[in-house]
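Taking it in order: structure first as structure tokens, then the write-up.
Numbering (our numbering), first residue to last: -4 to 709.
This is how it looks when you write it as structure tokens:
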């Protein structure tokens, strides 16, 4: 057993409990129930797999850390997430090796969820079997002999319902008992004994493998080539022993899996009985939702409703946030003395953050819909429904999950591709997922659609909402076509397959939905806020200051114009602000890139926003807010109103006309404007080759498409 951890603030040992189970076992629901909002989000060491950990309070113990491991089916992984589970649970000296394991299984599918359980039990890990979804026992017509099941499996067994918060007290008691005496429950004999060839290999390596028992040693033999805690010298010895004894890993895995099923299936049959036959609600619903014709139509309708909700449900909260920042900025300007610090706060920090935080309600609604789709079990159906279509474009049914998740954020969507076993399909999914319109694009879409599309309705659907949906479908379509091109370029002999478990349809656990949405929105605010705050301060400085000669020339020119035209004080101040912005360092940057972007319909001010938003797309709106707030005497001017007043001095027409607005929208649909996404692509593909290709093809696609749109519409 691992040595209990010691907390930094105390000398009392702090136990670590790992939460392990198959996908769709309700593991995440149980994690949320046990930890509530006492959670931390990070990454597992050395990889970009998201790690959730939280704190559980148990009487008589210091705070117990719960680590939610990725879902896995067995100790013979077919995805990177499963590899991580095996990596950590076969490394007793690792920082994440748990003192005990809660193995979560769906009580209605126990015969399918015990393969990994028996493997971990043969590793001699202290475990509790948690029979989740116990609220469905009567509904499913089940009769479970928990005492006999516990005796036969050699572990404590606790029935809980994470959905209805049932069985939590009993589970906490069982965790406490197991931590006090981890060896109290031991199986009388292992569930599996290695075969003759495996025993010969283990005999040759017995003195050298750092293993706790025979099965631990066997897993090291199977996975030595990629397990990070196995030394390079040991890998060579393992390979030599495998060749010497004719040990074939894949054949041994199949034999072991079949033998394990032969061992635990009789246990399940003798302890879990189903009375009577019951028509499956899930089967009835699947007959409609996965129908080859109705299924895709329903999916499109769900997406349309989502995009309409982004406008219909959020206008009130957005107006409230805008009012707050306007009122707060006015109060700050009135109560602080005039000077550079007040200007920095109002025109830099508040204008930049306010210009983005106003869109938090829409981002929350987007995460809300996607989380609900995951909770009810619809995401797996979407993968199944579109698998054959995805295959034609070189993708996989699981790519649908990544593409849908990419509408919230491309980073976790790219990380979710670890469940795609085929290398080529996984790479294509990684390359094209950023083309799906993530939540960072929402601020840009919302503000530009108001210039591109009239605020009218058709058959109850708003034109602006339909345009919003159209941009999302444009992103999906471009992702699919780009994947098709890459499919023709990249060659691979790997066979493609789709293996996933269809969970039963269930009512969402609203606690899970709330926690997930809160965490995602908080992460967006914190991560985007850091970037926006930094860029806002830098941009304010670049927009306020410039070469002394240029700034003095601007002041002289304005003074001359004021005298010639007899302008008032307010007009003179706004003219001075405009001329000094053009003469500032930011103005020089905009002027430098203006010749390149002029064919797209953009002026130098838009160029500044494009330049800054290559760090993160959502910075565009904050940049425009700062540019148009510099020197403005009207604190009530909202960014959309101020942009609408902007006039092209060469043509005398509004800068943000239909052609320019649509050009910008198309540019932001296609452009790779997220350094964090590129960094994740680099981590997932193992180098800079594919991130560079990804950035290049998306930027070229954005430029050419935006130029074509502008030239046609203008």
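Every residue, glycine too, gets a C-beta built ideally from N, C-alpha and C.
Would residue 177 and residue 95 qualify as a contact pair, given that the criterion is a beta-carbon distance under 8 Å? yes
What is the DSSP secondary structure of residue 10, reduced to helix, strand or coil? coil
Would you check whether the ligand GTP has a heavy atom nearer than 7 Å to the C-beta of residue 657? Among the ligands in the structure shown, none appear at all, so the ligand GTP cannot be discussed.
Cβ atoms of residue 23 and residue 127: under 8 Å apart, would you say? no
Start and end residues, alpha helix (DSSP H) containing residue 475: 458 to 484
Using 8 Å for Cβ pairs, my map puts residue 151 next to residue 132. What's the rounded Cβ distance? So it is not a contact: roughly 18 Å between Cβ atoms.
With a 10 Å radius around its C-beta and 16 neighbouring C-beta atoms as the bar for buried, classify residue 476 as buried or exposed. exposed
Starting from residue 127, follow its DSSP beta bridges and name the residues at the other end. 101
Tell me which residues share the same chain as residue 186 and place their Cβ nearer than 7 Å to its Cβ, disregarding the 5 neighbours each side in the sequence. 113, 116, 117, 255, 258, 259
Any idea what DSSP makes of residue 85, helix, strand or coil? coil
Tell me whether residue 154 is buried or exposed, calling it buried when 16 or more other Cβ atoms sit within 10 Å of its Cβ. buried
Can you find at least 3 beta carbon pairs, one from the segment 660 to 667 and one from the segment 686 to 703, that sit closer than 8 Å? yes
Which residue from 304, 281, 58 puts its Cα closest to that of residue 380? 281
Residue 371 versus residue 278: straight-line alpha-carbon distance, rounded: 14 Å
Since residue 361 and residue 473 are thought to touch, with beta carbons under 8 Å apart, how far apart are those beta carbons, to the nearest angstrom? So it is not a contact: roughly 19 Å between Cβ atoms.
Specify, as a first and last residue, the run of the beta strand (DSSP E) that residue 139 falls within. 137 to 139
Can you give me the C-alpha to C-alpha distance between residue 79 and residue 413, rounded to a whole angstrom? 11 Å
Flag residue 397 as yes if its beta-carbon sits less than 8 Å from any beta-carbon of chain B, otherwise no. This model lacks chain B altogether; it includes just one protein chain.
Under a Cβ-count criterion, where at least 16 other Cβ atoms within 10 Å of its own Cβ denotes burial, should residue 642 be classed as buried or exposed? exposed
What does a CB cutoff of less than 6 Å around residue 223 pick up in its chain, not counting 5 residues either side in sequence? none
For residue 208, count neighbouring C-beta atoms within 10 Å of its own C-beta (all shown protein chains included) and say buried if the count is 16 or more, exposed if not. exposed
Which class does residue 70 belong to by DSSP, given the choice of helix, strand or coil? coil
For residue 119 and residue 184, what's the separation of their Cα atoms in angstroms? 11 Å
Going along the chain, which residues of its own chain have a beta-carbon closer than 7 Å to the beta-carbon of residue 244, five neighbours each way excluded? 217
With burial defined as no fewer than 16 other Cβ atoms inside 10 Å of the residue's Cβ, what is the status of residue 451: buried or exposed? exposed
Between the beta-carbon of residue 448 and the beta-carbon of residue 440, is there less than 8 Å? no
Leaving out five residues on either side along the sequence, give the residues of the same chain with a beta carbon under 7 Å from the beta carbon of residue 341. 324, 327, 328
By alpha-carbon positions, which one of 167, 453, 512, 485 ends up nearest to residue 424? 485
Helix, strand or coil: which one does DSSP assign to residue 381? coil
Other residues of its chain near residue 548: CB distance less than 8 Å, five sequence neighbours each side excluded: 578
Under the three-state DSSP convention, the category residue 666 falls into: coil
Any idea which residues DSSP pairs residue 153 with across the strands? 125
I need the boundaries of the beta strand (DSSP E) containing residue 267, first residue and last residue. 267 to 269
Quick one: what does DSSP say residue 453 is sitting in, helix, strand or coil? strand
Quick check on DSSP: helix, strand or coil for residue 171? helix
According to DSSP, is residue 161 part of a helix, a strand, or is it coil? strand
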